[in-house]
Every structure is written in structure tokens, then in C-alpha cells.
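Trainee:
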Ligand code: ADP
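In the UniProt record's numbering, the protein residues as written are 333 to 590.
1. Please return the same chain residues whose Cβ sits closer than 8 Å to the Cβ of residue 560, not counting the five positions on each side in sequence.
2. Comparing the CB of residue 583 with every heavy atom of ligand 1, is any distance shorter than 7 Å?
3. Tell me, to the nearest whole angstrom, how far the beta carbon of residue 436 is from that of residue 394; I am working on the premise that it is less than 8 Å.
4. Is residue 438 near ligand 1, in the sense that its beta carbon is under 7 Å from a heavy atom of that ligand?
5. Since residue 518 and residue 507 should fall inside the 8 Å C-beta cutoff, what is the C-beta to C-beta distance between them, to a whole number of angstroms?
6. What three-state label does DSSP hand residue 381 in the structure shown?
7. Is the beta carbon of residue 551 within less than 7 Å of some heavy atom of ligand 1?
8. Since I believe residue 525 is in contact with residue 578 (beta carbons under 8 Å), could you give me their beta-carbon distance rounded to a whole number of angstroms?
9. By the three-class DSSP mapping on this structure, what secondary structure does residue 582 have?
10. Indicate the three-state DSSP secondary structure (helix, strand or coil) for residue 411 in the structure shown.
11. Is it the case that the Cβ atoms of residue 537 and residue 553 are separated by a distance below 8 Å?
12. Give me the Cα-Cα distance between residue 423 and residue 563, rounded to the nearest whole angstrom.
13. Please classify residue 377 as buried or exposed, where buried requires at least 16 other C-beta atoms within 10 Å of its C-beta.
14. Can you tell me whether residue 496 is buried or exposed, with buried defined as 16 or more other CB within 10 angstroms of its CB?
15. Could you pull out every residue in the same chain whose Cβ sits closer than 7 Å to the Cβ of residue 374, ignoring the five residues on either side in sequence?
16. Closest by CA to residue 573, which one among 456, 520, 585?
17. What three-state label does DSSP hand residue 358 in the structure shown?
18. Cutting at 6 Å between CB atoms, please list the residues of its own chain near residue 392, excluding the five before and the five after it.
19. Please report the residue range of the alpha helix (DSSP H) in which residue 560 lies.
20. Report yes if the C-beta of residue 304 is less than 7 Å from at least one heavy atom of ligand 1; otherwise report no.
21. Are the region 437-448 and the region 472-490 touching by the rule of at least three beta carbon pairs closer than 8 Å?
22. Going straight from the alpha carbon of residue 516 to that of residue 385, what length do you get?
23. Tell me whether residue 505 sits in a helix, a strand or coil according to DSSP, three-state version.
24. Identify whether residue 516 lies in helix, strand or coil by the three-state DSSP scheme.
25. Quick check: does the Cβ of residue 416 come within less than 7 Å of any heavy atom belonging to ligand 1?
26. DSSP on residue 397, reduced to helix/strand/coil?
Okay, structure coming up:
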């Protein structure tokens, strides 16, 4: 806490009383810490791809570029690492934009299924490349009053993960249901799953179960924290269930009207 003592002075300039102001600054301190941790994490996370790009290009300039096989191999690494940098900077900017605006002022009545279909279309290359079957079920022709960009982002991040963490020929399903005053989105995959003891950590910024694997797949570790932010700022909640080597289920519950 912060304490401030203010004397109360009478007309004859005598101190007749004191006002003691006690401020609870726990939340302010916590937010300061979250912010400074975030900056430290961002710097750390950006350093890895930057070091790779710098190191490999230096080696090429030092002469390795004369060997064509090495040249191609190194350029591929440089390309991959710079793409990851690009994705990370995009996610960081996205998160900071979301946080600045707090609640979105864009609100529209949207057909949830249409948004899910659009996202499946966006991801179709990735889906086809792994021959993953995607099934979409809309039980109640659900509609939500929401920023359509927010809803799209929820689907993009959850579906991209479902596809990324599911091996060749796997299955991903999307179920949209209306339950009382809420819409429930269930995204289920037959992928690698998440260890129980890490289930509550995956929504943290930059947290990845398997850093090397996620990095290889172009992951930034920010996708789920963006989803969580959007869901909570739309008065919703997100749940996850998972069994290692069997698959994961992400459930997003949003109020129909906000
Ligand atoms: P990333 O960009 O690494 O995918 P996310 O924030 O989207 O970051 O997810 C955090 C971590 O949670 C991932 O690195 C991965 O380990 C795990 N994860 C997320 N979704 C799934 C899923 N559908 N199946 C298995 N693991 C997942």
C-alpha cells in the first residue's frame, strides 16, 4: 500500500486533525510487473530469430556462399526465421492494439457458421497439405453480437493450432451450439494433446509446451493468449481438455448479446 498523511489546518493555522489516505496499489504494481515481464519476454523471444538471421548471413558473407548447397540451406533458414519474426511482430502488435482499445466498439450480429467457414477456407492449404478432415456442425444457426474481427481471430488461432498439432490424416471438428443465452464453440482435434500439468499454462504469453517443435512450426506462443484476451473481453470464457497422443478440445463460451 501507499500511505499519505494530510494535516487538516484550522483558520488559526493550527493542525486540528489528520486525514490518512491509504491506497491499495497491488493491482497497479501487478500490472507494472506484467508489463515489464512482457517487454523482457518479447526481447528474449525476438532475439532467437534475429541471432539466427544474423549468424547465417554472416557465415554466408564470410565465404560459405560459394557452396551452392550450403547457400540454399542457409537461405531457407534465414527465410524461415524472418517469417517467424514477422509473425511475432504481427501478434505482438495485435495484442497491444487489442489492449489499447479495451472493448471494441464494433458490434454486429454475425452468423457464427459463416465466420467458421471463412476461416476454414483461409486455412485450406494447411489443411489439405496434411490431409486433415475438417467437420463443421452448426446445430442452432447460432448468431452472436460481436466484433466480427474478434470472432474470426478466435477461430483462426484455435483452428490453426488444431491443424498444426494434429498429424497427417487426422480429424478436426468444429461444433457451434446455442445453449440458453450463450453460444458454445467446440474445436476438437485428434492431435498430439497437451500434458495435464501444462494445461493451465498454455494461455500465458509465449508459453509453449514444446518450444523447439512449436518454433519449427512457425508458432509464436501468443495465439492462445490473444484468444483468451478476446474471449474474456467479450464476457466469455475458454476451457480446455486434452489427452496426450489422443487430442485436445477447446471450448469457447460467449454470451449471445453483450
Ligand atoms: P503457438 O504459436 O506456439 O501455437 P499458442 O499460444 O497458440 O502458441 O499455443 C501455446 C502452446 O499450447 C503451443 O505451443 C502448444 O504447445 C500448445 N497447444 C495449443 N493448441 C494445441 C492443440 N490443439 N494441440 C496440442 N497442443 C496445443
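Note that the Cβ used here is the ideal one computed from N, Cα and C, for glycine as well. Predicted model only: the values in this text are computed from it and were never measured.
Mentor: Taking the structure as given:
1. For the purposes of this step, residue 560 is taken as residue 228 along the chain shown, with counting starting at 1. Answer for residue 560: 535, 570, listed in chain order.
2. Counted from its first residue, the chain shown places residue 583 at position 251. No, since every heavy atom of ligand 1 falls outside the 7 Å radius drawn around the Cβ of residue 583.
3. Taking the chain shown and counting its residues from 1, the one referred to as residue 436 is at position 104. Taking the chain shown and counting its residues from 1, the one referred to as residue 394 is at position 62. That pair is no contact at about 50 Å.
4. In the chain shown, counting from the first residue as 1, residue 438 sits at position 106. It does not: the Cβ of residue 438 is nowhere closer than 7 Å to a heavy atom of ligand 1.
5. Counting from one through the chain shown, the residue named residue 518 turns up at place 186. Counting from one through the chain shown, the residue named residue 507 turns up at place 175. Between residue 507 and residue 518 the Cβ distance is about 4 Å, and since that is below 8 Å, they are a contact.
6. Looking up residue 381 in the chain shown gives position 49. Residue 381: helix per DSSP, three-state reduction.
7. As a position in the chain shown, residue 551 is number 219, starting the count at 1. Because some heavy atom of ligand 1 lies under 7 Å away, the Cβ of residue 551 counts as near it: yes.
8. Taking the first residue of the chain shown as 1, we reach residue 578 at position 246. Taking the first residue of the chain shown as 1, we reach residue 525 at position 193. Contact flag correct, Cβ pair sits at about 6 Å.
9. By 1-based counting over the chain shown, the position of residue 582 is 250. Correct three-state label for residue 582: strand.
10. Translated into the one-based positions of the chain shown, residue 411 becomes position 79. Residue 411: helix per DSSP, three-state reduction.
11. On the chain shown, residue 537 is found 205 positions in, with the first residue counted as 1. On the chain shown, residue 553 is found 221 positions in, with the first residue counted as 1. Cβ atoms of residue 537 and residue 553: closer than 8 Å.
12. Position 91 of the chain shown, counting from 1, holds the residue named residue 423. Position 231 of the chain shown, counting from 1, holds the residue named residue 563. Each residue's Cα considered, the two are about 16 Å apart.
13. Position 45 of the chain shown, counting from 1, holds the residue named residue 377. It counts as buried.
14. Counted from its first residue, the chain shown places residue 496 at position 164. It counts as buried.
15. Position 42 of the chain shown, counting from 1, holds the residue named residue 374. 424, listed in sequence order.
16. Counting from 1 along the chain shown, the entry for residue 573 is found at position 241. Comparing Cα-Cα distances from residue 573 to each of 456, 520, 585, the minimum goes to 520.
17. Taking the chain shown and counting its residues from 1, the one referred to as residue 358 is at position 26. DSSP places residue 358 in helix when its eight states are reduced to three.
18. To locate residue 392, count along the chain shown from 1; it is residue 60. Within the same chain, residue 392 has close Cβ partners 406.
19. As a first step, residue 560 must be located in the chain shown, where it is residue number 228. That run of the alpha helix (DSSP H) goes 555-564.
20. With the chain represented from 333 up to 590, any question about residue 304 goes unanswered, as that position is not in the structure.
21. yes
22. Working through the chain shown from its first residue, we reach residue 516 at position 184. Working through the chain shown from its first residue, we reach residue 385 at position 53. Those two C-alpha atoms are separated by around 42 Å.
23. Indexing the chain shown from 1 puts residue 505 at position 173. The answer is strand: DSSP assigns residue 505 an E or B state.
24. By 1-based counting over the chain shown, the position of residue 516 is 184. Three-state DSSP puts residue 516 in a strand.
25. In the chain shown, the residue the question calls residue 416 occupies position 84. No - ligand 1 has no heavy atom lying nearer than 7 Å to the Cβ of residue 416.
26. By 1-based counting over the chain shown, the position of residue 397 is 65. Residue state, collapsed to three classes: helix.
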